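One gets our numbering by counting positions in the sequence shown from 1 and adding 31 to each. Ideal Cβ positions, reconstructed from N, Cα and C, are used throughout, including at glycine. Just so it is clear, the structure is predicted and the values come from calculations on it, not from any experiment. Written below as C-alpha cells is the structure these notes are about.
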Amino acid sequence: MKIFQIPCLLFCVALFNCERNKKTDAEKPTEKPTQFITVLGIAQDAGFPQINCEKACCKAFYNGEEPKKLISCLGLVDLQHNKKWLFDATPDIAAQTELLKNHLDNNKVIDGVFLTHAHIGHYTGLMQFGREALGGNNIPVYAMPKMKTYLEDNGPWSQLVSLNNIDLKPLQNDSTIVLNSKLKVTPFLVPHRDEYSETVGYKIEGQNKSAIFIPDINKWQQWQRSIIDEVKKVDYAFLDASFFRDGELERDMSEIPHPFTTETTTLFENESKETKNKIHFIHFNHTNPTIKDNHRLKDSIQNLGFNFAKEGAIYGL
Numbered sequence: 032m033k034i035f036q037i038p039c040l041l042f043c044v045a046l047f048n049c050e051r052n053k054k055t056d057a058e059k060p061t062e063k064p065t066q067f068i069t070v071l072g073i074a075q076d077a078g079f080p081q082i083n084c085e086k087a088c089c090k091a092f093y094n095g096e097e098p099k100k101l102i103s104c105l106g107l108v109d110l111q112h113n114k115k116w117l118f119d120a121t122p123d124i125a126a127q128t129e130l131l132k133n134h135l136d137n138n139k140v141i142d143g144v145f146l147t148h149a150h151i152g153h154y155t156g157l158m159q160f161g162r163e164a165l166g167g168n169n170i171p172v173y174a175m176p177k178m179k180t181y182l183e184d185n186g187p188w189s190q191l192v193s194l195n196n197i198d199l200k201p202l203q204n205d206s207t208i209v210l211n212s213k214l215k216v217t218p219f220l221v222p223h224r225d226e227y228s229e230t231v232g233y234k235i236e237g238q239n240k241s242a243i244f245i246p247d248i249n250k251w252q253q254w255q256r257s258i259i260d261e262v263k264k265v266d267y268a269f270l271d272a273s274f275f276r277d278g279e280l281e282r283d284m285s286e287i288p289h290p291f292t293t294e295t296t297t298l299f300e301n302e303s304k305e306t307k308n309k310i311h312f313i314h315f316n317h318t319n320p321t322i323k324d325n326h327r328l329k330d331s332i333q334n335l336g337f338n339f340a341k342e343g344a345i346y347g348l
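Below, the structure written as C-alpha cells:
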C-alpha cells in the first residue's frame, strides 16, 4: 500500500507543478513590440457624445451605460529610437498625448504630427500647441501643400507658425517620409470634401509590418485605386466607418458621402478571411451603433471576419 502511495504522491506533485507553470506562463504580460501603432480614439470629428445630442446613443453615455469615446486618432511609437508621433491633431489631443506618454515618456509631448485634412476633428488640436496652452517649440507638423498654405495664411493657425510653436513639414502625394532606417510614412490622396485642403490617407511601414489609415473618404468607387488591392498589400487597414448604413441620419446623406460599413463589408464579401481580418473600422459617428462597446450589429460584422478599432489596442510593426 505504501509503495503505491509514493508514485501517486509524486504524480500529484508533478501535476500541480505543471498546472502552476501553465498559470504562471499565462499570467506573464505580452512583451510590447519595439515599433507599434496604438489606437488613441475611434469617434468621428465631433466625438462621442456629440454636442446637443438628445438621441438614445448619447443618452447612453449620460446614463452611465456607455463610456466616452475620443476622436479618431492613431499613435505611432518607436521604442528603439525613443520617438512617438500622432496621426491627426484632434480636439482630444491633450488626453491622447497623455495616453501616448504611458507607452513612451521621452520628455517630449510629441515628436511630430501627420495631418490628414482640414476638418475639425483632424487638425484643430494644433491650438493646444499655442502660447495659451503648451507654448510649443517647433513641433514638426507634416502637411500636404494646400493644408500647409491654409495653416500659414489663416489665423489662429498662422500664429503657431509665426511664433515657431509648430514647424510645418511639406508632404507630397505618394512621396515617402523616412523617419528612420526601419520606419517610413507615405501620404496618398483620397477623394473627400476638400473645402480648405486636400485629404490624404497614410501608409505606415515598420520593420516587419505595415498599415494604412484612411479615416475619411467619400466612397470607395470614387477613388482611383482599388481599396481591396490596397488592403491586401498591408497587415492592418484602419478604414472609414463613419456611418453604418444609409438612412442613419435625418438628412440627405449624399451630402456627406462616406463608405457605409455595410458597403465595405459587401465589397469584401468574396475575399478571404485573412484579407477581411486586416480591416479595422474606425471614425464612427455617434449615430453608428458599432461605436458602442457591445452591439449585435458589431457582433455580426465581426463574425464575418472584420474588426473594429478599440481605444488602447496595440498593433506591432
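Check                                                                                                                                              : Outcome
Just to confirm the assignment, what range does the alpha helix (DSSP H) spanning E62 have?                                                        : No alpha helix (DSSP H) holds E62; DSSP gives it neither H nor E.
Within a Cβ cutoff of 6 Å, which residues of the same chain sit near N308, ignoring the five residues on either side of it in sequence?            : G336
Would you mind giving the Cβ-Cβ distance between A272 and T292, rounded to the nearest angstrom? I have them listed as a contact below 8 Å.        : 5 Å
What are the boundary residues of the beta strand (DSSP E) that V216 is part of?                                                                   : 214 to 220
Which complete alpha helix (DSSP H) runs does the region 203 to 281 hold, if anything under 4 residues is left out?                                : 258 to 263
Using the Cα positions of I37 and F312, report the straight-line distance between them to the nearest angstrom.                                    : Confidence in I37 is poor, its pLDDT being 42 and thus under 50, which makes the residue's placement too unreliable to answer from.
In terms of residue numbering, what span does the beta strand (DSSP E) encompassing G106 cover?                                                    : 104 to 109
Around the Cβ of Y93, are there at least 16 other Cβ atoms within 10 angstroms (buried) or fewer (exposed)?                                        : exposed
Using DSSP with H/G/I as helix, E/B as strand and the rest coil, what is T69?                                                                      : strand
Three Cβ pairs or more, each shorter than 8 Å: is that satisfied between the region 122 to 135 and the region 69 to 80?                            : yes
G143: which of G347, I208, G343, L348 sits nearest, CA to CA?                                                                                      : I208
Which first and last residues belong to the beta strand (DSSP E) in which A174 is found?                                                           : 170 to 174
Would L328 and T295 be called neighbours here (beta carbons separated by less than 8 Å)?                                                           : no
For D266, which residues in the same chain have their Cβ closer than 7 Å to its Cβ, ignoring the five residues on either side in sequence?         : K240, S241, A242, K309
Rank C89, L101, A91, K114 by C-alpha distance to the C-alpha of F67 and give the top, closest one.                                                 : K114
How far does the alpha helix (DSSP H) with G152 in it reach, from first residue to last?                                                           : 151 to 154
What residues in its chain sit with their C-beta under 8 Å from that of P320, if we drop five residues either side in the sequence?                : C88, F275, H326, L328, K329
Using the three-state DSSP reduction, which class does T128 fall into: helix, strand or coil?                                                      : helix
Please report how far the alpha carbon of E281 lies from the alpha carbon of H223, in whole angstroms.                                             : 21 Å
When the Cα atoms are used, what is the spatial distance from T217 to Y233?                                                                        : 6 Å
Determine contact between the region 104 to 111 and the region 78 to 88, defined as no fewer than three beta-carbon pairs at a distance below 8 Å. : no
Based on DSSP bridge pairs, tell me the residues matched to A74.                                                                                   : I102, F315
Report the three-state DSSP secondary structure of F92 (helix, strand or coil).                                                                    : helix
Hey, how far is the Cα of Q111 from the Cα of T65?                                                                                                 : 6 Å
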